Amino acid sequence: MSDFFSHSTAIVETEQIGSGTRIWAYAHVMKEVQIGSNCNIGDHSFIESGVVVGNNVTIKNGNMLFEGLVLEDGVFVGPHVFFTNDLHPRSPRLPQAKMRYKSHDWLYKTLVKRGASLGAGAVILADTTIGEYALVGAGCVVSHDVPAYALVVGNPARQIGWVCECGITLKEDGQTGVCPSCSRRYHIKDQKISPL
Amino acid sequence: MSDFFSHSTAIVETEQIGSGTRIWAYAHVMKEVQIGSNCNIGDHSFIESGVVVGNNVTIKNGNMLFEGLVLEDGVFVGPHVFFTNDLHPRSPRLPQAKMRYKSHDWLYKTLVKRGASLGAGAVILADTTIGEYALVGAGCVVSHDVPAYALVVGNPARQIGWVCECGITLKEDGQTGVCPSCSRRYHIKDQKISPL
Amino acid sequence: MSDFFSHSTAIVETEQIGSGTRIWAYAHVMKEVQIGSNCNIGDHSFIESGVVVGNNVTIKNGNMLFEGLVLEDGVFVGPHVFFTNDLHPRSPRLPQAKMRYKSHDWLYKTLVKRGASLGAGAVILADTTIGEYALVGAGCVVSHDVPAYALVVGNPARQIGWVCECGITLKEDGQTGVCPSCSRRYHIKDQKISPL
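Residue numbers (my numbering), protein chains in the order written: chain G, 1 to 196; chain A, 1001 to 1196; chain U, 2001 to 2196.
Below, the structure written as structure tokens:
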């Protein structure tokens, strides 16, 4: 077992947790969950079997991570983000729906790529990918893939700009984007972006 | 007492729970709650006195069910759905509002009829009825009644189609709706639907 | 220490809690939190160091109150309201973002003034002030200051009326607003309101 911390009121049922990771009060991590090193998992979080979390990930309080979700390195999940894994949800106990839940065909995946941020209370529909370093605004409803470095807001989420790897909105000058905070520079053309 | 399961960290203060129902970690079920058989109640849920839950209901994690709510048989409540029971909320401790909270006149009811599904993070305003087998999309804000079998999305929620009892969106051909998954058929006319 | 109640499963790490305040199951109140008297703090709530809560405040279940938040006397926080304190969130563990989190410059404040109400699942972006006796509808996304006594709904939140100190929507007659419940009267002119 690695050197991780879990609060006395937390339930941790997996041993696949990296060094330096901290799991806080009333959190519940099920068996068959993989969590990297140096992560922070807030109070009242729930992580279901099958979820994979990378290194340096921050999961704020009250998050529910369901089977089918992968969070890559350095992701930020704000408080109470809503992940889903079923596009046609019914109670599996409902007689008319039981057949659909006999196999795992109902399960759709969600991938949040490295360095991306999900704002408080964002709703992430299943079968989507959030691109690397994208920033999803608080309270957004995301029903389509989000491009890398994109800043999206609203319901449904739409892109209103680009963000730096450090999180600050880029200033655009022709085909160049510059971060006013850390001075990183990017090439932007035809709705595509790449670091310079 | 019937044969139900509750996790060692859950608080269950009612005995009116049906056989086969399971209540998970850090959940709190108050006294004077009625829950049917074969239900599943997720981690970090809270069920207030006066709530009535039918049979075969699935309540995902982090749900708060307040007085005035009835969930009929086979309902699905996604993670962190928001129920309310007060259309003009104030702190009952605020001197200017105290008078309004002396009786129970402030309390409005919510009814979710059999087989309906509420997506993750949906907000259900009080004094509404969700029709049988309706499907409320993730992140919706529902401020009016939802018809039976209706698929609603957005803020405010609006109807964009019809769903089968099994949960799949119907394909419409004139006045007939057919489920591409289970082949159930429906008659649709003048915004009304009935199984054939 | 004052005479407050905390449930046996709650974690309370501050002693600055006023008389008559009640803290319920699975709630976690960190050190260096200040809470007034006669408050009610629901199950599964989390209050971070640095938060200040006045007297007669009602905090419903599942709320996460983060550093930088001040709730004045008599405020109502509905279930699962989303507070934030970072307008450009990144994992502080992400190498590219670490520099921004070395000081506290990233932290923005939120002020909810006396008697205001925040509906279930409302998202309150940081760096905003909710005016006294304002009412924020359930599921709103608030990204700008809300005027005193304003009723706001939607995403983004927009004003659709005025509310009385008791919580009921005012009836407007020229420059006078009258509460149909408690008969309080207000002068309304040029988008400003004051009690008569």
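Here a beta-carbon is modelled for each residue, glycine too, at the ideal position from N, C-alpha and C.
If you're wondering where the values come from, they're calculated on a predicted model, not measured in any experiment.
{"query": "Collapsed DSSP secondary structure at Pro-2089 of chain U in the structure displayed", "result": "coil"}
{"query": "Same chain only: Cβ atoms within 7 Å of Phe-2083 of chain U, ignoring 5 sequence neighbours per side", "result": "Met-2064, Leu-2065, Phe-2066, Leu-2069, Thr-2110, Ile-2124"}
{"query": "contact_flag[the stretch 2134-2143 of chain U, the stretch 2086-2102 of chain U] where n(CB pairs < 8 Å) is 3 or more", "result": "no"}
{"query": "Cβ contact check for the stretch 17-30 of chain G and the stretch 40-57 of chain G: 3 or more pairs under 8 Å", "result": "yes"}
{"query": "Contacts that His-2080 of chain U makes with chain G (C-beta to C-beta distance below 9 Å)", "result": "Gly-62, His-80, Gly-121"}
{"query": "Sequence-distant residues of the same chain with beta carbon closer than 7 Å to Pro-1180 of chain A, five excluded per side", "result": "Ile-1168, Lys-1171"}
{"query": "As assigned by DSSP and simplified to three states, the class of Pro-2156 of chain U", "result": "coil"}
{"query": "Residue closest to Pro-76 of chain G, alpha-carbon to alpha-carbon, out of U:Ile-2035, U:Tyr-2149, U:Gly-2074, U:His-2088", "result": "Here the sequence assigns Phe to residue 76 of chain G, which means Pro is not the residue at that position. If we check each option's Cα against that of Phe-76 of chain G, U:His-2088 comes out closest."}
{"query": "Within chain A, the residues that Ala-97 of chain G reaches when beta carbons sit closer than 7 Å", "result": "Cys-1166, Gly-1167"}
{"query": "Every unbroken alpha helix (DSSP H) inside the stretch 1063-1120 of chain A [4 residues or more]", "result": "none"}
{"query": "Rounded separation between His-2144 of chain U and Leu-2118 of chain U - CA only", "result": "14 Å"}
{"query": "Alpha-carbon spacing of Ser-91 of chain G relative to Ala-97 of chain G, whole angstroms", "result": "7 Å"}
{"query": "Contact list for the stretch 1046-1078 of chain A against chain G, Cβ threshold 7 Å", "result": "Asn-1056, Val-1057, Thr-1058, Asn-1061, Gly-1062, Gly-1074, Val-1075, Phe-1076, Gly-1078"}
{"query": "C-beta atoms of Ser-2037 of chain U and Gly-2050 of chain U nearer than 8 Å", "result": "no"}
{"query": "Against chain A: residues of the stretch 32-44 of chain G by CB proximity under 7 Å", "result": "His-44"}
{"query": "Buried/exposed call for Glu-2015 of chain U, threshold 16 Cβ in 10 Å", "result": "exposed"}
{"query": "Residues near Glu-1048 of chain A in its chain [Cβ-Cβ closer than 7 Å; skip 5 each side]", "result": "Met-1030, Leu-1065, Phe-1066, Glu-1067"}
{"query": "Partner residues on chain U for Ala-138 of chain G, Cβ-Cβ distance less than 8 Å", "result": "Phe-2082, Thr-2084, Val-2123, Leu-2125, Val-2141"}
{"query": "Among U:Arg-2114, U:Ile-2059, U:Tyr-2186, U:Arg-2093, the one whose alpha carbon lies nearest that of Gly-2074 of chain U", "result": "U:Arg-2114"}
{"query": "Between the CA atoms of Pro-2079 of chain U and Lys-2060 of chain U - distance to the nearest angstrom", "result": "5 Å"}
{"query": "Unbroken beta strand (DSSP E) run spanning Lys-192 of chain G, endpoints", "result": "192-195"}
{"query": "Distance, Leu-2135 of chain U Cα to Gln-2159 of chain U Cα", "result": "10 Å"}
{"query": "Test: Ser-2181 of chain U CB closer than 8 Å to a CB of chain A", "result": "yes"}
{"query": "Nearest-angstrom Cα separation, counted from Ala-1157 of chain A out to Ala-1126 of chain A", "result": "14 Å"}
{"query": "Residue burial classification, Asp-2190 of chain U (beta-carbon count within 10 angstroms, cutoff 16)", "result": "exposed"}
{"query": "Which listed residue (U:Ser-2194, U:His-2187, U:Cys-2039, U:Val-2033) has its alpha carbon closest to that of Glu-2132 of chain U", "result": "U:Ser-2194"}
{"query": "Chain-order list of residues whose beta-carbon lies under 6 Å from that of Gly-1020 of chain A (same chain, five-residue window excluded)", "result": "Ser-1037, Asn-1038"}
{"query": "Cβ-based burial, Phe-2004 of chain U [other Cβ within 10 Å; buried from 16]", "result": "buried"}
{"query": "Alpha carbon of Ile-197 of chain G to alpha carbon of His-1187 of chain A, nearest angstrom", "result": "Residue 197 of chain G cannot be examined here, being either before or after the span of chain G that is shown, 1 to 196."}
{"query": "Any chain G beta carbon closer than 8 Å to His-2144 of chain U", "result": "no"}
{"query": "Nearest to Val-112 of chain G (by Cα), restricted to the options G:Thr-129, G:Gly-121, G:Asp-105, G:Trp-106", "result": "G:Thr-129"}
{"query": "According to DSSP, residues forming a beta bridge with Ala-2150 of chain U", "result": "U:Trp-2162"}
{"query": "C-beta neighbour in chain A for Gly-2161 of chain U, strict 8 Å", "result": "no"}
{"query": "Other residues of its chain near Gly-1177 of chain A: CB distance less than 6 Å, five sequence neighbours each side excluded", "result": "Trp-1162, Leu-1170, Tyr-1186, Ile-1188"}
{"query": "Chain-order list of residues whose beta-carbon lies under 6 Å from that of Trp-106 of chain G (same chain, five-residue window excluded)", "result": "Asp-86, Arg-100"}
{"query": "Chain U contact for Leu-1094 of chain A (CB, 8 Å cutoff)", "result": "yes"}
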